[in-house]
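Just below is one structure, and these are the notes that go with it.
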Amino acid sequence: MKHKQTVEVILSVDWGAQSRRYRFGNLVRVEDGIIELKPAPSDETAPGSVIIPLNRIVAVILTS
Numbered sequence: 722m723k724h725k726q727t728v729e730v731i732l733s734v735d736w737g738a739q740s741r742r743y744r745f746g747n748l749v750r751v752e753d754g755i756i757e758l759k760p761a762p763s764d765e766t767a768p769g770s771v772i773i774p775l776n777r778i779v780a781v782i783l784t785s
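Read left to right, the sequence shown gives residues 722 to 785 (this note's numbering).
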């Protein structure tokens, strides 16, 4: 996967704002056991990024 791609991440458990099982955003990095995602502006009100353990991810879908 290329960095800064827009992706949808499907999670194995309810996690995050409003107990959603998914996240939209730009891929920042993929490293040893984690991915870092910068949430889409409409997805999160606070700036920053989210680190998600790979064992909590069911699927990563490219959206662009």
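Positions of the beta carbon are idealized from the N, C-alpha and C atoms, including for glycine.
Every value quoted in this text rests on a predicted model; they were computed, and no experiment measured them.
- Per DSSP, reduced to three states, the secondary structure at ARG777 is helical.
- Cβ neighbours of ARG744 within its own chain (closer than 8 Å, five residues either side excluded): GLU729, VAL730, LEU732, GLY737, LEU758, PRO760, ASP764, VAL771, ILE773.
- Taking 8 Å as the upper bound for CB-CB distance, GLY754 and LEU783 are not in contact here, some 21 Å apart.
- Boundaries of the beta strand (DSSP E) around VAL751: 743-752.
- Secondary structure of VAL728 (DSSP, three-state): strand.
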